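Only one structure is covered here, and it is reproduced in the block below.
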């Protein structure tokens, strides 16, 4: 769930829209390539008493923690998705950690005023930050990587299918306008035994389609990370 407002109702009879279809992590090693949505959950709950959601998965001998939270650093709707991968084995491991960000910014209908459609979306790269900007009639999102990604990709080179096929992302700069546009990033790690690596993305929203304001706020909060 990614609501455009802290409450489920803006006002009497006016619901907050839920913009999120799905967002999660994936892993590509020499042996496997899989989104963690298809991997059994080992453990799930909150990280200590922080309010950060934590989901633990294990794949091809690696331990992956997905951490999700709404950040206080931004004065707008936002969500952070971070992967922390640990190598518990006895040898070094090289792998790619993937992210996918599928939000819907199209029209709403009288039949469903909460869940927007995915029509007429487009994605482009902000040259200064390297973030993806996603826009539709329902607002603008910025997907801001926390740390430099190794590769990036967006529809029509759908990141979901790229990992499903065991392929790298294509570094596409822009896509659309089109329906159901999807963005994603990947980061390559080589971890010695016992080491861990971190990579994630913060996504923030502006209903008025103010991409410059979004990018300014994200740079102020996360520009040094």
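Numbering (the numbering used here), first residue to last: 257 to 481.
All C-beta atoms, glycine included, are put in the ideal place defined by N, C-alpha and C.
Fair warning: this is a prediction, and the values are worked out from it, not measured in the lab.
For the pair residue 411 and residue 431, the CB atoms are nearer than the 7 Å cut-off. 462 is the residue among 455, 479, 480, 462 whose C-alpha sits nearest the C-alpha of residue 333. In the displayed model, residue 346 falls within coil according to three-state DSSP, outside both helix and strand. Beta-bridge pairing by DSSP links residue 320 to 313, 341.
Of the other Cβ atoms in all chains shown, 16 or more fall within 10 Å of the Cβ of residue 400; this residue is therefore buried. If you draw a straight line from the Cα of residue 389 to the Cα of residue 284, it is about 25 Å long. Where residue 467 is concerned, the enclosing alpha helix (DSSP H) starts and stops at 467-478.
Here residue 294 carries a helix assignment [DSSP, helix/strand/coil].
Contact between the stretch 460-474 and the stretch 440-449 is absent: fewer than 3 CB-CB pairs across the two stretches fall below 8 Å.
The stretch 298-306 makes no contact with the stretch 413-428; the number of CB pairs closer than 8 Å stays below 3. Along the stretch 372-460, the beta strand (DSSP E) occurs as fully enclosed runs of 3 or more residues at 377-381, 388-392, 395-402, 407-410, 430-434, 439-447, listed in sequence order. With a threshold of 16 other beta carbon atoms within 10 Å, residue 336 meets it and is buried.
Beyond the five residues adjoining it in sequence on each side, residue 378 comes within less than 8 Å, by CB distance, of 390, 391, 392, 430, 431, 432, 433, 434, 437 in the same chain, given in chain order. For residue 267, the enclosing beta strand (DSSP E) covers residues 265-267.
The residue from 376, 366, 355 with its alpha-carbon nearest to that of residue 403 is 355.
Membership of residue 282 in the beta strand (DSSP E) is indicated by the continuous run 276-284. Its chain contains 358, 360 as the residues whose beta carbon lies nearer than 6 Å to that of residue 277, once the 5 sequence neighbours on both sides are disregarded; these appear in chain order. Looking at the DSSP output, residue 325 bridges to 336. Between residue 340 and residue 454, the CB-CB gap stays under 7 Å. Assignment of residue 351 by DSSP, reduced to helix, strand and coil, places it in the strand class. Annotated three-state conformation of residue 270 is strand, per DSSP.
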